[in-house]
Structures are given as C-alpha cells and as structure tokens.
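Inspection log for the structure reproduced underneath, given as structure tokens.
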Amino acid sequence: MPSSFEQPGTLTDKIWFLRRPTQFVLDIAVLSAAFFLAYLPAINIRVTEFYSDIAIRQLPLVIFIQFSILFLVGAYSILWRYVSIEDLKVFLTAAIISGLILLALRFLLSFTDFSLWQVPISVIMIDTVLGFGGLLALRVLRRFVYEIGDKGGTFRGSRRVKRKAALLVGAGRMGATLVKDLSNRGDAELDIRGFVDDDGRKKGGSVSGIKVLGTTQDLARLVDEIGIEQVVIAIDHAQGKDIRRIIGLCASIPVKAQIVPSLNEIAHGRVSVSRVRDVQIEDLLGRDPVELDDKNLHEFLTDKTVMVTGAGGSI
30 MPSSFEQPGT LTDKIWFLRR PTQFVLDIAV LSAAFFLAYL PAINIRVTEF
80 YSDIAIRQLP LVIFIQFSIL FLVGAYSILW RYVSIEDLKV FLTAAIISGL
130 ILLALRFLLS FTDFSLWQVP ISVIMIDTVL GFGGLLALRV LRRFVYEIGD
180 KGGTFRGSRR VKRKAALLVG AGRMGATLVK DLSNRGDAEL DIRGFVDDDG
230 RKKGGSVSGI KVLGTTQDLA RLVDEIGIEQ VVIAIDHAQG KDIRRIIGLC
280 ASIPVKAQIV PSLNEIAHGR VSVSRVRDVQ IEDLLGRDPV ELDDKNLHEF
330 LTDKTVMVTG AGGSI
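Just so you know, we're using our numbering here: the sequence shown kicks off at 30 and counts up by one.
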C-alpha cells in the first residue's frame with residue numbers, strides 16, 4: 030500500500046525505493062553501516078574479532094535508541110516532497126538527543142558490570158554525524174527520484190505544450206515558491222529565464238537557481254535581449270499602484286503580463302501559486318473588492334433621489 034508520500038497513478042507508485050517499509054529497511058542499513066564505520070578510527074582502522082564482537086553487541090541498543098528518537102520527534106511523518114528547513118531541524122534534534130542519551134548511558138554503565146555496552150565517545154560522535162547525515166542524504170535522493178517520476182507521469186498523462194520564455198517580477202518568497210512549483214510540474218507552460226526586482230541589492234544574485242537580472246526599469250531591454258514572451262508579477266503583498274506601474278511598463282514594450290494568485294486565494298486553497306492568471310480589477314485596487322448587499326440597497330434606495338459623491342472603485 031503506498032505511503033502518504035506517494036500519489037496514486039504516477040510512476041512513483043511503482044518505485045520500491047519510495048515505499049515506507051523499504052525506507053525503514055534502508056534507514057537501518059545506513060545507521061548500521063555508520064556505526065561500524067565509526068569504530069574504524071577508534072581502533073586505528075584495525076578490525077579485530079574482539080572489536081567486531083563489541084560492535085555487534087552494541088548495535089541493537091544504538092539502533093533502538095536512534096529509531097525511537099526519530100519516531101518521537103516525528104521524522105517519519107514528514108512528507109519529503111514538501112521538505113523545509115523546519116523539517117531538517119527535526120533530524121538535527123533527533124541526532125543531538127540520541128547522541129546525548131548514548132553519552133549518558135556510557136557514564137551510567139561505568140558503575141555497573143556492563144562495561145561492554147559502553148560505546149566510546151569518539152564512536153558516538155562519528156556515528157551521529159555519519160548516521161544522521163546518511164539518513165538525510167537518503168531522503169534527498171528519495172525526493173529527487175520522486176520528482177523525476179512525478180514529472181514523467183505528468184508528461185505521459187498530458188499533451189506536451191510549448192513553453193514560453195518568462196521573466197518573474199519579484200525575487201522574494203512568492204517568486205521562489207512559484208519557481209519551485211513550476212519545476213515540479215511536467216506540464217508547466219512557463220520557462221523562467223530570470224527575475225527582476227526593484228531591490229537593487231538583489232541584482233546578480235539568484236533565487237531557487239534563477240538569476241536576478243535587474244530591476245523593472247530593465248524590463249524593456251531584457252525582453253528584447255532574451256526574447257521574453259511573458260512577464261509574471263510575483264510580488265509578496267503587492268500594492269495596487271505597483272501592479273499598475275508594472276502593467277503600464279509591459280504595455281509600452283509590449284509584452285503580455287500575468288500575475289500569481291493572491292495570498293488570500295492560495296491560503297484558502299482555491300488555487301496553487303503556479304496557476305498564473307490575467308490581471309484583474311481587484312489586483313489593481315490592491316485590496317479585496319467591496320461586496321455590496323444588493324437586496325438591502327435596493328429596498329433602501331427604491332423611489333428615492335440619490336446623490337453619489339466621489340468616484341472611487343467601489344462607487
């Protein structure tokens with residue numbers, strides 16, 4: 030049965046490497062290998078029957094502690110397709126806690142007859158780095174395989190479309206999220222060629238592997254030099270005046286301009302960030318449109334002479 034990490038109907042369903050039971054087996058193999066490798070520097074790389082016997086005796090205890098901590102901190106509930114820095118902190122926490130427990134056990138066992146269960150301090154330190162580093166590497170590989178399989182499944186399930194060369198306006202969180210979302214979709218219609226951002230300090234840097242080529246004042250030049258077919262506005266908390274200015278720049282070039290959905294639309298799950306759309310009146314207002322109670326207004330204004338003051342968007 031596929032784990033929650035997988036999506037039925039995609040190539041990833043058929044890849045054994047992505048299934049959770051297999052993940053447990055691979056984790057045990059990685060942690061075991063790390064423990065034996067950690068013993069090599071401690072015994073000057075000379076593997077003897079004595080030290081091999083000690084390592085084999087200590088291994089079940091070490092693996093039990095490490096696995097228990099991984100479960101307790103929630104490492105096996107992480108969906109690695111959507112991994113973040115916060116999720117990586119979970120593994121760092123598990124590594125620190127398990128290492129401290131092994132150090133505490135070494136100290137406590139020194140007062141007992143179970144000296145063979147005392148893991149050397151150097152082994153604990155090396156094993157923690159190798160073991161949890163190996164687990165993270167395994168998950169990075171898992172995510173890579175998943176995304177390749179997901180893209181392949183999407184391509185086979187839909188017609189291939191011609192991708193349009195696009196510039197993103199806004200090298201912030203929204204722009205970075207859009208790039209990542211598009212890179213995970215095999216049917217993406219946009220080929221992101223670069224960012225422009227009015228924060229001049231970002232010029233020459235890169236966001237999610239895409240270079241910041243200049244500011245909005247460079248739009249006309251970049252559209253001509255790179256052959257841009259579409260400009261996408263991806264500014265966090267964009268104000269109406271900024272959107273109107275960018276739309277005006279695009280119209281003067283001319284080049285088609287679209288915008289990512291608002292944070293409100295994304296937060297309510299109505300659309301994903303990669304579903305770029307045409308600019309609407311609400312975007313130019315810089316706020317949600319006022320929704321009038323037509324029924325009550327009709328009853329209030331019927332057969333009355335009314336003077337309207339102002340000429341704002343709501344009026």
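For each residue, glycine too, the CB sits at the ideal point set by N, CA and C.
Everything numeric in this text was worked out from a predicted model, so none of it was measured.
So what's residue i in DSSP terms, helix, strand or just coil?
{"i": "H327", "result": "helix"}
{"i": "V225", "result": "strand"}
{"i": "K193", "result": "strand"}
{"i": "D265", "result": "coil"}
{"i": "D220", "result": "strand"}
{"i": "I282", "result": "coil"}
{"i": "D201", "result": "A small correction: the amino acid at residue 201 is Gly; Asp does not occupy that position in the sequence shown. If DSSP states are grouped into helix, strand and coil, G201 belongs with coil."}
{"i": "G243", "result": "strand"}
{"i": "Q287", "result": "strand"}
{"i": "V426", "result": "Residue 426 lies beyond the residue range present for the chain, which begins at 30 and ends at 344; the question has no answer from this structure."}
{"i": "D332", "result": "coil"}
{"i": "S235", "result": "strand"}
{"i": "F140", "result": "coil"}
{"i": "P149", "result": "coil"}
{"i": "D116", "result": "helix"}
Using 8 Å for Cβ pairs, my map puts residue i next to residue j. What's the rounded Cβ distance?
{"i": "A217", "j": "L211", "result": "4 Å"}
{"i": "G287", "j": "Q259", "result": "The residue you asked about is not Gly; residue 287 is Gln in the sequence shown. Indeed, because the Cβ distance is near 6 Å, the residues count as touching under 8 Å."}
{"i": "G201", "j": "D265", "result": "5 Å"}
{"i": "A195", "j": "R230", "result": "With a Cβ gap of about 23 Å, A195 and R230 do not count as contacting."}
{"i": "G160", "j": "F96", "result": "No, G160 and F96 are not in contact; Cβ-Cβ is about 11 Å, not under 8 Å."}
Is residue i near residue j, with beta carbons less than 8 Å apart?
{"i": "K240", "j": "D220", "result": "no"}
{"i": "S61", "j": "I92", "result": "yes"}
{"i": "V225", "j": "G238", "result": "no"}
{"i": "S151", "j": "P70", "result": "yes"}
{"i": "I153", "j": "L131", "result": "yes"}
{"i": "A249", "j": "I272", "result": "no"}
{"i": "V198", "j": "V261", "result": "yes"}
{"i": "M203", "j": "A263", "result": "yes"}
{"i": "L129", "j": "I83", "result": "no"}
{"i": "L278", "j": "T245", "result": "yes"}
{"i": "I85", "j": "I126", "result": "no"}
{"i": "I257", "j": "V284", "result": "yes"}
* Touching by the beta-carbon criterion (3+ pairs, under 8 Å), the stretch 112–125 and the stretch 48–60 -> Flag = no, the stretch 112–125 and the stretch 48–60 do not touch.
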